[in-house]
Amino acid sequence: MENDFIKDVSEIRRQARMHVEDGALTQGYSANRDTIVKLLNDALATEIVCVLRYRRHYFMAKGIAAEPVAEEFLEHANEELSHADKLAARIAQLGGEPNFNPDSLSARSHAEYIEGKDLNDMVRENLIAERIAIDSYREMIHYIADNDPTTRRLLEEILAKEEEHADELSNLVKPELPKAS
0 MENDFIKDVS
10 EIRRQARMHV
20 EDGALTQGYS
30 ANRDTIVKLL
40 NDALATEIVC
50 VLRYRRHYFM
60 AKGIAAEPVA
70 EEFLEHANEE
80 LSHADKLAAR
90 IAQLGGEPNF
100 NPDSLSARSH
110 AEYIEGKDLN
120 DMVRENLIAE
130 RIAIDSYREM
140 IHYIADNDPT
150 TRRLLEEILA
160 KEEEHADELS
170 NLVKPELPKA
180 S
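With the first letter of the sequence shown counted as 1, position 170 gets the number 169 in numbering that gives the first Met the number 0; the numbers rise by one all the way through.
Here it is as structure tokens:
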């Protein structure tokens with residue numbers, strides 16, 4: 000009675016032994032692996048472009064209010080790098096190859112690499128990139144649905160962090176309201 004939810008344990012065992020070289024991809028994997036790897040490689044390119052833009056902004060931030068904003072840029076750059084590492088690991092787990100080719104990064108990235116001429120521009124460009132990432136991750140999650148729960152959860156985790164980044168940056172571009180006397 001306990002194992003009624005599993006149709007045939009002996010068949011699961013047989014399949015596991017027969018396709019052991021497939022690693023994490025079992026017969027129950029229902030997503031199109033090639034499409035998922037492409038989506039993840041595009042997301043990887045997006046994260047790397049964001050790391051590079053945030054790092055540049057960290058070093059180029061100037062002005063009286065620059066120090067805390069620059070620190071925010073550096074924190075976001077490090078978090079985007081962590082996202083890139085997680086995406087690359089998932090690509091490899093799916094039997095794909097993470098594409099770090101610098102010649103194609105900006106073409107595959109959903110976000111653009113825009114330098115910005117001053118601190119305000121830098122904040123706005125990073126916020127725009129975060130908003131692009133948010134919508135891109137939402138679309139990927141919707142596409143994957145229940146066909147690859149592990150990848151979906153990874154993308155949901157990254158999406159939550161991108162929303163947090165957008166919120167933090169949004170607070171930097173909002174004008175301060177005058178204080179009531």
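All C-beta atoms, glycine included, are put in the ideal place defined by N, C-alpha and C.
Just so we're clear, the structure is a prediction, and the values are computed from it rather than from any experiment.
Could you give the first and the last residue of the continuous alpha helix (DSSP H) run that contains residue i?
{"i": "GLN26", "result": "GLN26 -> no alpha helix (DSSP H), and no H or E assigned at all."}
{"i": "ALA69", "result": "65–92"}
{"i": "VAL50", "result": "32–59"}
Apply the 10 Å Cβ neighbour rule to residue i and answer buried if 16 or more other Cβ atoms are within range, or exposed otherwise.
{"i": "ASP145", "result": "exposed"}
{"i": "ALA64", "result": "exposed"}
{"i": "SER103", "result": "exposed"}
{"i": "ASP7", "result": "exposed"}
{"i": "GLU71", "result": "buried"}
{"i": "ARG13", "result": "exposed"}
Where does residue i fall in DSSP's three states?
{"i": "SER103", "result": "coil"}
{"i": "TYR112", "result": "coil"}
{"i": "PRO148", "result": "helix"}
{"i": "ASN184", "result": "Residue 184 falls outside the range modelled here, since the chain spans only 0 to 180, and no answer is possible."}
{"i": "ASN125", "result": "helix"}
{"i": "HIS164", "result": "helix"}
{"i": "GLU20", "result": "helix"}
{"i": "GLU10", "result": "helix"}
{"i": "GLU96", "result": "coil"}
Give me the residue from the options with the minimum Cα distance to residue i.
{"i": "LYS160", "options": "ASN170, MET139, ILE47 and ILE133", "result": "ILE133"}
{"i": "LEU73", "options": "ARG54, ARG13, ALA15 and ILE90", "result": "ARG54"}
{"i": "ARG131", "options": "ASN170, GLU162, GLU66 and SER103", "result": "It is worth fixing the name first, because residue 131 is Ile in this sequence and not Arg. For ILE131, the nearest C-alpha among the options comes from GLU162."}
{"i": "ARG123", "options": "ARG151, ALA165 and ARG152", "result": "ALA165"}
{"i": "PRO101", "options": "GLY94, ALA76 and THR45", "result": "THR45"}
{"i": "CYS49", "options": "ILE143, ASN170, ARG152 and ALA128", "result": "ALA128"}
{"i": "LEU154", "options": "SER169, ILE11 and ASN40", "result": "ASN40"}
Given 8 Å, three or more beta-carbon pairs between the segment 55–63 and the segment 84–91: no
Looking at C-beta atoms only, is the number of pairs between the segment 14–25 and the segment 123–137 that lie closer than 8 Å three or more? no
query = Hey, is the segment 21–41 in contact with the segment 146–157, meaning 3+ C-beta pairs nearer than 8 Å?
reply = yes
Three-pair Cβ contact test at 8 Å for the segment 152–159 versus the segment 105–117 | no
field: Validate contact between the segment 89–96 and the segment 35–46 using beta carbons, cut 8 Å, 3 pairs
entry: yes
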